[in-house]
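Okay, so here's the structure we're looking at.
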Amino acid sequence: MNAIAVLPPSIVLDPLLHNWLLEDIGRGDRTTQGLLNTAVQVGQAKWIAKEAGVIAGLPIAMRVFQLLKQQVAWEPMVAEGNLCQCGQEIVRFHGSLESLLTGERVALNLAMRLSGIATLTRQYVEKIADLPAQLVDTRKTTPGLRLLEKYATQVGGAVNHRMGLDDAVMIKDNHIAAAGGIGKAIAQIRKQMPYPLTIEVETETLAQVEAALKNGADIIMLDNMSLEMMRQAVKMIRQTNDRIKIEASGNITLETIRAVAETGVDYISSSAPITRSPWLDLSMKLDISRMEEQT
1 MNAIAVLPPS
11 IVLDPLLHNW
21 LLEDIGRGDR
31 TTQGLLNTAV
41 QVGQAKWIAK
51 EAGVIAGLPI
61 AMRVFQLLKQ
71 QVAWEPMVAE
81 GNLCQCGQEI
91 VRFHGSLESL
101 LTGERVALNL
111 AMRLSGIATL
121 TRQYVEKIAD
131 LPAQLVDTRK
141 TTPGLRLLEK
151 YATQVGGAVN
161 HRMGLDDAVM
171 IKDNHIAAAG
181 GIGKAIAQIR
191 KQMPYPLTIE
201 VETETLAQVE
211 AALKNGADII
221 MLDNMSLEMM
231 RQAVKMIRQT
241 NDRIKIEASG
251 NITLETIRAV
261 AETGVDYISS
271 SAPITRSPWL
281 DLSMKLDISR
291 MEEQT
């Protein structure tokens, strides 16, 4: 993999999980509370993969159950970021039966969503694994899930692009139009930009690439260019300043990503691993033979 996946710390993650649990539980889990109203019961559950894919989100699922009751332990059968096969046992949980049943849906939903993203990301990454170019994600994420969806792309082997608008300056086509040109946009923003942010400029023509070079862009994005124009742009940039990073973007697919990487760009950004990924189908089964009461 190209990147090391960094899980958000609990101080950031817990409020998100807390709100999603509140959304699902509402005024209480009527079914589970109606069944388990006499004694605290403990049991074991396992997750089974119903299709092959890359597993992501197991530590997050564990945290869901722990927020409901701390006495829940887990044992992963497939490591985070590894490939699972259809029918394979993914993880075992042991602890409060009430927590396992109440948290099941939220935990599974998150793991299925994140595993689906990691699976498709891995497919993109493998297409260019022997080339220097790296796959990066975008800000096209589900509101409220950005931290976790971008974590999943890391698990799949991609590199995170900026997390939000405050991470870096990216001058896109509408910014250029509003400012009256690339040069004016860079000059105006650079006066106000805090150290050590970088400036990236989105370009669609060779003339715009030349303008971005002339005005000191740190990163130049080649947006929706043909492969031939991309090759010309890369040559122009490398000959002028080989320290400038080059990003390709626009309609990147599994079929086209390798050809784009072969033009010599440093990064290829795509929203597809997040916006086009199906969920990986997982299910939870209780081991009723391992259930016991604690009085």
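Residue 1 is where the sequence shown starts when you use this note's numbering, and the numbers rise one by one after that. All residues carry an ideal CB built from backbone N, CA and C; glycine is no exception.
{"Check": "Mind the definition here: the region 121–131 touches the region 43–51 only if three or more C-beta pairs lie below 8 angstroms; say whether that holds.", "Outcome": "no"}
{"Check": "Evaluate contact between the region 271–282 and the region 149–156, counting only Cβ atoms and requiring at least three cross-stretch pairs below 8 angstroms.", "Outcome": "yes"}
{"Check": "With a cut-off of 8 angstroms on the beta carbons, I'd call L108 and M284 a contact; round off their distance for me.", "Outcome": "6 angstroms"}
{"Check": "Please report the distance separating the alpha-carbon of A212 from that of M170.", "Outcome": "12 angstroms"}
{"Check": "Rounded to whole angstroms, what's the CA-CA distance from K117 to G95? Just pull it up for me.", "Outcome": "Checking the sequence shown, residue 117 turns out to be Ile, not Lys. Whole-angstrom Cα-Cα distance: 29 angstroms."}
{"Check": "Span of the alpha helix (DSSP H) holding Q88?", "Outcome": "First-last for Q88: undefined, no H or E at that position."}
{"Check": "Name the residue from T102, M236, A185 and D137 whose alpha carbon lies nearest to the alpha carbon of R30.", "Outcome": "T102"}
{"Check": "Quick check on V12: buried or exposed, where buried means 16 or more other Cβ atoms within 10 Å of its Cβ?", "Outcome": "exposed"}
{"Check": "By the DSSP assignment, the beta strand (DSSP E) with V170 in it spans what residues?", "Outcome": "The question names Val, but residue 170 in the sequence shown is Met. Note, M170: beta strand (DSSP E), V169 to I171."}
{"Check": "Would you say V265 and A129 are within 8 angstroms of each other, going by their C-beta atoms?", "Outcome": "no"}
{"Check": "Kindly provide the ranges of any alpha helix (DSSP H) runs that are 4 or more residues long and lie completely inside the region 185–233, ordered along the chain.", "Outcome": "206–214"}
{"Check": "Under three-state DSSP, which class holds H161?", "Outcome": "coil"}
{"Check": "Considering only the beta carbon of each residue, do K127 and R258 sit closer than 8 angstroms?", "Outcome": "yes"}
{"Check": "According to DSSP, is V136 part of a helix, a strand, or is it coil?", "Outcome": "strand"}
{"Check": "Here's the rule I'm using: 16 or more other beta-carbon atoms within 10 Å means buried, otherwise exposed. How should T295 be labelled?", "Outcome": "Since pLDDT at T295 reaches only 44, below the 50 mark, its modelled position is unreliable, and the value read off the structure follows with that caveat. Under this definition T295 is an exposed residue."}
{"Check": "G216 to L280, Cα distance in whole Å?", "Outcome": "44 angstroms"}
{"Check": "Spatial neighbours of K245 within its chain, please: CB distance less than 6 angstroms, with the 5 preceding and 5 following residues excluded, ordered by chain position.", "Outcome": "I219 and D266"}
{"Check": "CA-CA distance, N2 and L147?", "Outcome": "Legend: pLDDT at N2 = 48, less than 50; position of this residue unreliable, no value from coordinates given."}
{"Check": "Between which two residues does the beta strand (DSSP E) carrying S269 extend?", "Outcome": "Y267 to S269"}
{"Check": "Quick one: grab the DSSP three-state call for A178.", "Outcome": "helix"}
{"Check": "Looking only at C-alpha atoms, which of D287, L114 and S277 sits nearest to I58?", "Outcome": "In the sequence on display, residue 58 carries Leu and not Ile. It is L114."}
{"Check": "In angstroms with no decimal places, state the Cα-to-Cα distance between V260 and E247.", "Outcome": "10 angstroms"}
{"Check": "Opposite L280 in the DSSP bridges: which residues?", "Outcome": "Paired residues: none, contrary to the question."}
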